[in-house]
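> A single structure is presented below for examination.
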Amino acid sequence: MINRIEVPYTYRFADMVDCLDDAGLLLAATKRSGESNVMTIGWGTVGVVWGLPMFTVLVRPSRFTHQFIEDAGEFTVNVPSPDMRAFVDFCGTRSGRDVNKFAEFDIASSPGQQVQSVTIDPCPWVYECRVVQKNDVLPETFAPKIISAYYPRGDFHRVYYGEILGVFATE
Numbered sequence: 316m317i318n319r320i321e322v323p324y325t326y327r328f329a330d331m332v333d334c335l336d337d338a339g340l341l342l343a344a345t346k347r348s349g350e351s352n353v354m355t356i357g358w359g360t361v362g363v364v365w366g367l368p369m370f371t372v373l374v375r376p377s378r379f380t381h382q383f384i385e386d387a388g389e390f391t392v393n394v395p396s397p398d399m400r401a402f403v404d405f406c407g408t409r410s411g412r413d414v415n416k417f418a419e420f421d422i423a424s425s426p427g428q429q430v431q432s433v434t435i436d437p438c439p440w441v442y443e444c445r446v447v448q449k450n451d452v453l454p455e456t457f458a459p460k461i462i463s464a465y466y467p468r469g470d471f472h473r474v475y476y477g478e479i480l481g482v483f484a485t486e
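Position one of the sequence shown corresponds to residue 316 (this note's numbering), numbered consecutively onward.
Quick look at the structure:
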């Protein structure tokens with residue numbers, strides 16, 4: 316288990332956004348059975364909703380991780396270090412249905428401090444979140460250019476609002 320200290324949810328916010336926009340972040344979830352999965356995300360946002368610090372993520376129901384979040388009702392968002400680029404790329408191109416991504420790269424994980432879902436040990440900081448709201452993207456509410464650019468096959472996202480229960484960084 317890695318030793319991390321609690322930091323404010325705004326900790327290194329600009330660095331997190333830069334990473335999200337570049338390589339992506341690592342979204343992990345653990346089912347109640349103990350099985351975990353991780354995927355790369357490039358869309359998400361941190362802010363305040365309903366007076367709570369919130370990490371909002373978008374996950375397509377076709378993704379393997381979707382069933383993990385649905386089962387657990389929680390997730391972690393892990394900010395990778397630059398030397399994790401190969402792992403981030405792998406997690407964004409391979410499905411956990413076909414391969415254990417943690418084992419493939421010998422990546423250690425630990426249970427969260429506020430959630431049961433795993434955190435990824437080599438990541439310098441992590442957000443631990445509990446789902447407080449979820450909804451499906453409605454195609455009829457989009458500008459046509461967004462549908463043609465991002466949903467040509469109609470695989471629309473589910474939006475998860477995760478209350479940030481804690482942000483933890485390596486010392």
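C-beta: ideal position from N, C-alpha, C; glycine also.
All values derive from a computational prediction rather than experimental measurement.
(1) Tell me which residues share the same chain as A338 and place their Cβ nearer than 6 Å to its Cβ, disregarding the 5 neighbours each side in the sequence.
(2) Under the rule that 16 or more other beta-carbon atoms within 10 Å means buried, what is I461, buried or exposed?
(3) For a quick check, are the C-beta atoms of E321 and T391 less than 7 Å apart?
(4) Which ranges would you report for the alpha helix (DSSP H) in the segment 407–431 if only whole runs of at least 4 residues count?
(5) Tell me the rounded alpha-carbon separation between A484 and G427.
(6) Should G481 and Q431 be called a contact, given that it needs their Cβ atoms to be closer than 7 Å?
(7) In its own chain, which residues sit with a C-beta less than 7 Å from the C-beta of D470, not counting the 5 before and 5 after it?
(8) Please list, in chain order, all residues of the same chain as I331 whose beta carbon is under 6 Å from its beta carbon, the five residues on each side excluded.
(9) For the alpha helix (DSSP H) containing E385, list its first residue and its last residue.
(10) Ordered along the chain, which non-local residues of its own chain (more than five positions away) have a Cβ less than 7 Å from that of S425?
(11) Rounded to whole angstroms, what is the Cα-Cα separation between V363 and N352?
(12) So, using beta-carbon positions, are K449 and R468 closer together than 7 Å?
(13) In this structure, how does DSSP classify F457 when only helix, strand and coil are distinguished?
(14) What does the Cβ neighbour count give for R347, buried or exposed, with the cut at 16 atoms within 10 Å?
(15) Using DSSP with H/G/I as helix, E/B as strand and the rest coil, what is P368?
(16) For L341, which residues does DSSP report across the bridge?
(17) What are the boundary residues of the alpha helix (DSSP H) that V332 is part of?
Here's the rundown:
(1) R400 and V403
(2) exposed
(3) no
(4) 416–420
(5) 12 Å
(6) no
(7) R375 and S377
(8) The residue asked about is misnamed: residue 331 is Met in this sequence, not Ile. Here the set comprises V394.
(9) F379 to A387
(10) M316, I317, V433, T434 and D436
(11) 27 Å
(12) no
(13) coil
(14) exposed
(15) strand
(16) T355 and N393
(17) F328 to D336
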